[in-house]
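Asks: Per the numbering used here, the sequence shown runs over residues 15 to 469.
All residues carry an ideal CB built from backbone N, CA and C; glycine is no exception.
I have a structure here, written as structure tokens, and I will follow up with some questions on it.
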Amino acid sequence: MAKLKIKFVCTECGTESPKWMGKCPGCGSWNTMTEEAETPVKAQVPRSGLLRVKEKAKSIIDIESEREARVTTGLAELNRVLGGGLVPGSLLLVGGDPGIGKSTLLLQTSHALTKQGLKVLYVSGEESVRQTKLRADRLGALSSSLFVLCETNLDLIDEAIGEVRPDFLVIDSIQTVYRPDVASAPGSVAQVRECTAQFMRIAKGNGIATVLVGHVTKEGAIAGPRLLEHMVDCVLYFEGERHHSYRLLRAVKNRFGSTNEIGIFDMTENGLREVANPSELFLSERPLGVSGSTVVASMEGTRPVLVELQALVAPTHFPSPRRMSSGLDHHRMSLVIAVLEKRMGMFFQNQDAYVNVAGGVRLDEPAADLAAAVSLASSFKDLPTRPYDVVFGEVGLTGEVRAVSRAEQRVKEAMKLGFKRVILPELSVKGWQPPAGIELIAVRTVAEALKAALE
Ligand code: TYD
Ligand code: MG
Numbered sequence: 015m016a017k018l019k020i021k022f023v024c025t026e027c028g029t030e031s032p033k034w035m036g037k038c039p040g041c042g043s044w045n046t047m048t049e050e051a052e053t054p055v056k057a058q059v060p061r062s063g064l065l066r067v068k069e070k071a072k073s074i075i076d077i078e079s080e081r082e083a084r085v086t087t088g089l090a091e092l093n094r095v096l097g098g099g100l101v102p103g104s105l106l107l108v109g110g111d112p113g114i115g116k117s118t119l120l121l122q123t124s125h126a127l128t129k130q131g132l133k134v135l136y137v138s139g140e141e142s143v144r145q146t147k148l149r150a151d152r153l154g155a156l157s158s159s160l161f162v163l164c165e166t167n168l169d170l171i172d173e174a175i176g177e178v179r180p181d182f183l184v185i186d187s188i189q190t191v192y193r194p195d196v197a198s199a200p201g202s203v204a205q206v207r208e209c210t211a212q213f214m215r216i217a218k219g220n221g222i223a224t225v226l227v228g229h230v231t232k233e234g235a236i237a238g239p240r241l242l243e244h245m246v247d248c249v250l251y252f253e254g255e256r257h258h259s260y261r262l263l264r265a266v267k268n269r270f271g272s273t274n275e276i277g278i279f280d281m282t283e284n285g286l287r288e289v290a291n292p293s294e295l296f297l298s299e300r301p302l303g304v305s306g307s308t309v310v311a312s313m314e315g316t317r318p319v320l321v322e323l324q325a326l327v328a329p330t331h332f333p334s335p336r337r338m339s340s341g342l343d344h345h346r347m348s349l350v351i352a353v354l355e356k357r358m359g360m361f362f363q364n365q366d367a368y369v370n371v372a373g374g375v376r377l378d379e380p381a382a383d384l385a386a387a388v389s390l391a392s393s394f395k396d397l398p399t400r401p402y403d404v405v406f407g408e409v410g411l412t413g414e415v416r417a418v419s420r421a422e423q424r425v426k427e428a429m430k431l432g433f434k435r436v437i438l439p440e441l442s443v444k445g446w447q448p449p450a451g452i453e454l455i456a457v458r459t460v461a462e463a464l465k466a467a468l469e
């Protein structure tokens, strides 16, 4: 028998090397080379299932453009993140912390799809068939065209796919599946890469929309080679805080749509419930008439969402004051503080400053700047903000307030939720008709905004 050779593989880019190296020669990352047993090259055995699909080159004119024939999943929030629905033959990767609800989400999606007359195969390598059934009972997701398989051998999974011929396939999770002809252990770089490549062939060759569930590492990236994310069509992350019941579904890569959209769910006793009106949820715990709290109208993809941005400014006990922000970019927070110091004469050097966006939302739009400025100034001066104000606008280095996109949609969302005033950049008020019933305060500088908000 041939001796098993050891090689080292980079988890970032898949570069192989016969000896260990601290720095990957391929992509230059540090400490990413992991040990693996060399894969003995075997003759390709003909398979019984669907792996051997022969494709011929076709003229582009003759190719049927079924691309846009999307299958809506029955979960509106998921459709939104996918850019309209599932594309047949696409390969999706869903990542997230353990216990966040990935299996629950996919089981519910499977059930919703069977209701539309589609056939679904749910392959679980982590839970037994009975456990999956128990969960389905709890979710009310029982259907005769939902098939469940507890298997990790890819050849056998392939056979089952050939028998069931599903329209939608779930592999929970890709780290548990292995190819018997690849010598390394399940979850290793080689296995994950090879198995994903196989699933891609199955998905593309047969028009089966396939979802792979991926574990995440401690750093929050999907475990396995980085090129896994390049191979698939969409990469979705399911996130949330363990202590809160709502969950955000976010696309970080999407070949068929935008990556700005988020889907919002609430984890209940009976599974995930879609949240149709996120603003209401994010504002539900907001204290009224206190200092340091502002509501910002932010765009999450095409949807305006109102969230509370809190700030606390307190005397420091450290030689250099603390700056902590969660949900808002650290650099933007520093910029806003610098503008308040220099242009508004507020002395922050002996003050700790904390900024928090309620509900675990991440505001990566510059439109949140002005709200951060109002919250910080309100806490600094200990002046309460008005409870029925919404604030948005980008802050420039000279203290000017810059225009942001989609002002109209933001204002309408504020109106829908019963807010009375909106403080916004003057230049954003052009080109659309402000709705009646809500007062718009157009400002040019941070000073004007603070005057309007705090006096
Ligand atoms: P799960 O889908 O197993 O997470 P993952 O596959 O991402 O590891 O979700 C497990 C958690 O969800 C568990 O802590 C219990 C909770 N849960 C509910 O609160 N309600 C439910 O109806 C279900 C099925 C799970
Ligand atoms: Mg799971």
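Closest to Met-35 by CA distance: which of Gly-28, Glu-26, Thr-46 is it?
Replies: Per the Cα distances, Thr-46.
Asks: Name the residue from Arg-240, Leu-100, Ser-307, Gly-451 whose alpha carbon lies nearest to the alpha carbon of Ser-43.
Replies: Closest by alpha carbon: Arg-240.
Asks: Examine the ligand MG and report whether any of its heavy atoms sits within less than 7 Å of the Cβ of Glu-140.
Replies: Answer for Glu-140: yes, Cβ within range of the ligand MG.
Asks: Sort Leu-168, Glu-253, Pro-112, Gly-221 by Cα distance to Gly-374 and report the nearest one.
Replies: Of the candidates Leu-168, Glu-253, Pro-112, Gly-221, the one whose C-alpha sits nearest the C-alpha of Gly-374 is Glu-253.
Asks: Rounding to the nearest angstrom, what Cα-Cα distance links Glu-91 and Ile-278 in this structure?
Replies: Each residue's alpha carbon lies about 6 Å from the other.
Asks: In terms of residues, what are the limits of the alpha helix (DSSP H) holding Val-246?
Replies: From DSSP, Val-246 is part of no alpha helix (DSSP H); its letter is neither H nor E.
Asks: Name, in chain order, the residues that DSSP records as bridge partners for Ser-138.
Replies: BP columns for Ser-138 point to Asp-186.
Asks: Nearest to Ala-51 by CA position, among Lys-267, Val-405, Gln-205, is which residue?
Replies: Measuring from the Cα of Ala-51, the nearest candidate turns out to be Gln-205.
Asks: Helix, strand or coil: which one does DSSP assign to Thr-231?
Replies: Reduced to three states, the DSSP call for Thr-231 is coil.
Asks: From what residue to what residue does the alpha helix (DSSP H) around Asp-383 run?
Replies: That run of the alpha helix (DSSP H) goes 383-395.
Asks: Tell me whether the beta-carbon of Ile-171 lies closer than 8 Å to the beta-carbon of Glu-177.
Replies: Not in contact: Ile-171 and Glu-177 (Cβ atoms no closer than 8 Å).
Asks: Report yes if the CB atom of Ser-293 is closer than 8 Å to the CB atom of Glu-427, and no otherwise.
Replies: Closer than 8 Å, so yes.
Asks: Who pairs with Met-313 in a beta bridge, going by DSSP?
Replies: Its beta-bridge partners are Pro-318.
Asks: Who does Phe-161 pair with in a DSSP beta bridge?
Replies: Leu-135, per the DSSP bridge assignment.
Asks: Between the C-alpha atoms of Val-143 and Glu-440, what's the straight-line distance to the nearest angstrom?
Replies: Cα to Cα, the separation comes out at about 60 Å.
Asks: Under 8 Å, with one C-beta from each stretch per pair, do the region 91-109 and the region 260-274 reach the 3-pair mark?
Replies: Taking 8 Å as the limit for Cβ pairs, the verdict is that the region 260-274 does touch the region 91-109.
Asks: Which of helix, strand or coil does DSSP assign to Arg-261?
Replies: Residue state, collapsed to three classes: strand.
Asks: How should His-125 be labelled, buried or exposed, when 16 other C-beta atoms within 10 angstroms of its C-beta is the threshold for buried?
Replies: Under this definition His-125 is a buried residue.
Asks: Taking the C-alpha atoms as reference points, what is the distance between Val-460 and Ile-437?
Replies: Spanning the two alpha carbons is a distance of roughly 11 Å.
Asks: In whole angstroms, what is the alpha-carbon distance linking Leu-468 and Val-304?
Replies: Each residue's Cα considered, the two are about 11 Å apart.
Asks: From the DSSP output, in three-state form, read off Gly-254 for me.
Replies: Residue state, collapsed to three classes: strand.
Asks: Does the pairing of the region 412-425 with the region 341-352 give three or more beta-carbon distances under 8 Å?
Replies: Touching, no, given that fewer than three Cβ pairs across the two stretches are closer than 8 Å.
Asks: For Thr-210 versus Ile-188, is the C-beta distance shorter than 8 Å?
Replies: Yes, these two residues count as a Cβ contact at 8 Å.
Asks: For Gly-306, which three-state DSSP category applies?
Replies: Of the three classes helix, strand and coil, the one that applies to Gly-306 here is coil, per DSSP.
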